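One structure is given here, and the rest of the page talks about it.
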Amino acid sequence: MKTNIYLLIICGFFCFSTIAQESNKKNVLLIIVDDLRPALPTYGATQVVAPNITSFSKNAVQFNNAFVNIPTCGASRASILTGMRPTREYYKKYYTSIDEDMPQAVTISQLLQAKGYTTISNGKVSHNQSDKASTWDELWRPRSTTPKDYLLDENIEASNLPHENNHVPYEKANVEDQAYKDGKIAAKTIRDLKKLKANKESFFLAAGFLKPHLPFNAPAKYWEMYDRNKITTPINNKFPTTAYEGAGNWYELAKYKGVQKDFSEKPALNATTFTMDVEMTTNLIHGYYACVSYIDQQIGNILQALEDLELYENTIVIITSDHGFSLSDHNRWSKHNLFKVENHVPLFIRVPGLSSSGKSDSFVELIDIYPTICELLGIEKPKQLEGMSLVQNIKDPNLISKTNAYSRYTNGDMFISDNYAYSEWKYSEEGKVIGRMLYDMKNDPLQMENLSHLEKYEALMDSLSINIKSKKIY
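Given below as structure tokens:
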């Protein structure tokens, strides 16, 4: 299967690289925020303070139903940058490398570099910094002298010990923004904008922010934007009683200090049995929100520089995330599964002169970003692309072009629409289904009651299973 895909990619690349086309040479600024669920005021998360993204959204198209194609860092970013769906064969893990899984794939940076754009990657764009390194004219990540970017002495000391039950899951430090890595990423991106403006270079500039990924470390002033007594927890904080037990496994936060009452070195905790006290729950949600506010300010700084440099009206701006994150939803603290909250992400696109603003309810998969950029720049699309352009939705946010999305993780696959969310797990692509979940998204949008055990839904689930197979995500 991979061999056939390689041949298709190679042929496609030579075809479009030899066609002389005039591009309108708009610039592209792509901002990817790690672990950002739609915890933003403009998506209805009124507890969160994010004035810069809120302001930006008034001049952009906001996609309300944007979904990743796999809820884990490396594989999701590889999927976004190549426009290809993850399968059981490739784009599977958090440490996924395009160079290893799909070396012949033409990335966005590779395509635009070949078309004369200056390509710069700042921060965490690909999970592996060296991935497709030659396709970036500059590849930069901030350095930190401390593990996990802790700044308080006691946390630095603890972080030199083994991770398990020693590293704290959050930090509030009275420091300036650039003390942490994300402040450095924003500052570097602004320096690049100044240089690109001075040199009159057309550019594809990607900025990958690290927060709100664990640990939830942010300057104190962003923590102080919140009254912790007013922080509420999700109402769907119980694991559905009839849900597939494998959907309850999570492990990332489990290793951090203070998360487990009685620490266990098991690789995963399960939502069916896990308990967390109210204070820790509140602290973690508070820390996540503080990180979102911190990142909002960094994005605001970049967008202000874009305006000050008179680049705003000639630059396409795209803001999104690599996946969502459960903040005790379904008693989980993770991504890495097939509930909506872990696959649903914010997506904003602003195209100067094409659309002033609007909110689109059309479904979007992040593999749609690549073909959208191609069409906006007037560049021939590589044949590998599996998504669809969103240009018509940007022109008319009321247009519904797609009514569902697909995602997968390990041996599980998911279909989601306005009506239903269905997921199934198999040991092999032709094997027996070992677990499944079905949720009525009209009446149960928070996925609190699994319906897959009810006989009356068998025909529907069979139909949705066939639908999943049609997307070749096996």
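This note's numbering applies: residue 635 is where the sequence shown begins, and numbers increase by one.
Just so you know, even glycine gets a beta-carbon here, dropped at the ideal spot from N, CA and C.
No experiment lies behind these values; they were computed from the predicted model shown.
Distance between D771 and Y751, taken at the CA atoms: about 9 angstroms. Per DSSP, the unbroken alpha helix (DSSP H) holding E976 starts and ends at K974 to N977. F959 is classed as buried because its beta carbon has at least 16 other beta carbons within 10 Å across all chains shown. Taking the CA atoms as reference points, F897 sits about 37 angstroms from W774.
The C-beta separation of L786 from L663 comes to about 33 angstroms, leaving the pair out of contact by the 8 angstroms criterion.
DSSP lists Y1054 as the beta-bridge partner residues of D1074. Rounded to the nearest angstrom, the gap between the Cα atoms of D1096 and R711 is 31 angstroms. Look at N661 here: in three-state DSSP terms it is strand. Pairing P803 with L887, the inter-Cα distance amounts to about 7 angstroms.
Taking L1019 as reference, the option from K727, T741 and N661 with the minimal CA-CA separation is T741. As the crow flies, the alpha-carbon of A881 is around 7 angstroms from that of L972.
With respect to the 9 angstroms criterion, L981 and I953 are classified as neighbours on the basis of their beta carbons. Nearest in C-alpha terms to V975, of all of P986, D956, I983 and S991, is D956. Cα atoms of V667 and D816: separation of roughly 10 angstroms, rounded to the nearest angstrom. A straight-line Cα-Cα distance of about 7 angstroms links N789 and H801. Rounded to the nearest whole angstrom, the CA to CA distance from L830 to L745 is 19 angstroms. Taking 9 angstroms as the cut-off, the beta carbon of L844 is found no closer than this to the beta carbon of G934.
Contact annotation, A684 with V926: C-beta distance approximately 6 angstroms; criterion of less than 8 angstroms satisfied.
The three-state reading of DSSP puts G708 in helix, counting H, G and I together. The distance from the Cβ of Q812 to that of K818 is about 6 angstroms, consistent with a contact at the 8 angstroms cut-off.
In the DSSP assignment, D942 falls within the unbroken alpha helix (DSSP H) covering V912 to D942.
Considering only L1098, S743 and K828, the residue with the shortest C-alpha distance to Y1004 is S743. Segment contact: the segment 847-867 against the segment 909-918, three or more CB-CB distances shorter than 8 angstroms; contact assigned.
Inter-segment contact for the segment 791-798 and the segment 858-866 is absent: fewer than three beta-carbon pairs are separated by less than 8 angstroms. Remark: fewer than three beta-carbon pairs, one from each stretch, lie closer than 8 angstroms, so the segment 1032-1044 and the segment 1006-1018 are not flagged as touching.
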